[in-house]
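K.L.:
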Amino acid sequence: MPDWNTHIKWAKKLGIDGRVADFINRLIDTPEDVLENDPTELGELYRRDPASVKSLLISHDWGRKGKAKLDILKAYCHTRFGEKGVMAAELHHILDYITSLRDPEKLAQIIISSSIFGSTRGKPMIERITQIQKEFRKEERKKQLEKISRKLVELNYNSYKEIIIEKLLVKAKEWDVHREVLEFVMNNLDEILADIDAYLRRKHRRIARSPSINTLDKWL
1375 MPDWNTHIKW
1385 AKKLGIDGRV
1395 ADFINRLIDT
1405 PEDVLENDPT
1415 ELGELYRRDP
1425 ASVKSLLISH
1435 DWGRKGKAKL
1445 DILKAYCHTR
1455 FGEKGVMAAE
1465 LHHILDYITS
1475 LRDPEKLAQI
1485 IISSSIFGST
1495 RGKPMIERIT
1505 QIQKEFRKEE
1515 RKKQLEKISR
1525 KLVELNYNSY
1535 KEIIIEKLLV
1545 KAKEWDVHRE
1555 VLEFVMNNLD
1565 EILADIDAYL
1575 RRKHRRIARS
1585 PSINTLDKWL
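Start counting at 1 in the sequence shown, then tack on 1374, and there's your number in my numbering.
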């Protein structure tokens, strides 16, 4: 996901204090380190029973895995910094999500998962998630993933961006993102994507190349 400097840059552009953005970055990506010295009730609970808090409430990318955890994160951010804290958390997650969508292989996984998820509507949530996990272990799904990834790579920038916007709007509704945050991201999406692409270039120069990374070469 983008480095913290990128998160802070865009939080400032949204009108959020850089110190608040820095705290939110650490809170979402390394919540244990923050809560270890946190004076709030949640910090006290963490110090009393860290294992339970980590298993039930927090994790790396705190708020991305389940609506309940996201609601707790937002409530905590509001307690510390008011609405600006909540907006900083929402923006952090949106930038992370856009970065995921910028990888054609990950975007293909999201497209397939959404299709499977829609076909299991009405079933218990755990059953729907289990179904997705089983489907991705099937050989035909692996071939479908590869095929969709290749098609995404062949798209031009604007066509690919349209898919990103479509998925982003769905996720923003799911996360109940402030309208101000969503409109800000949409109005600045080209520049945000340019920053994310620059970050991915730097990242991929530091690690061994792989087929999944090569799918990004068309834009990077």
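Glycine included, each C-beta is placed from N, C-alpha and C at the ideal position.
Please go through the same chain and pick out, in chain order, the residues whose beta-carbon is closer than 6 Å to the beta-carbon of I1538, but skip the five residues on each side of it.
P.N.:
Only L1475 meet the Cβ criterion.
K.L.:
Let me make sure I understand the geometry here. Which of I1472, L1430, L1447 has the alpha-carbon closest to that of I1402?
P.N.:
Ranking the options by Cα distance to I1402, first place goes to L1447.
K.L.:
What three-state label does DSSP hand D1571 in the structure shown?
P.N.:
DSSP places D1571 in helix when its eight states are reduced to three.
K.L.:
Does the beta-carbon of P1498 have 16 or more other beta-carbons within 10 angstroms, so that it is buried, or is it exposed?
P.N.:
Exposed, by the Cβ-count rule.
K.L.:
Got a sec? Which residues, its chain only, sit under 7 Å from L1416 by beta carbon, not counting five neighbours each side?
P.N.:
Around L1416: L1409, Y1450.
K.L.:
Buried or exposed: T1504, going by 16 or more other Cβ atoms within 10 Å of its Cβ?
P.N.:
By the neighbour-count rule (16 or more Cβ atoms within 10 Å), T1504 is not buried but exposed.
K.L.:
Quick one: what does DSSP say L1431 is sitting in, helix, strand or coil?
P.N.:
Coil.
K.L.:
Put E1447 into one of helix, strand or coil per three-state DSSP.
P.N.:
It should be noted that the sequence gives Leu, not Glu, for residue 1447. DSSP places L1447 in helix when its eight states are reduced to three.
K.L.:
Are the CB atoms of A1462 and I1398 within a distance shorter than 9 Å?
P.N.:
The answer is yes: Cβ separation under 9 Å.
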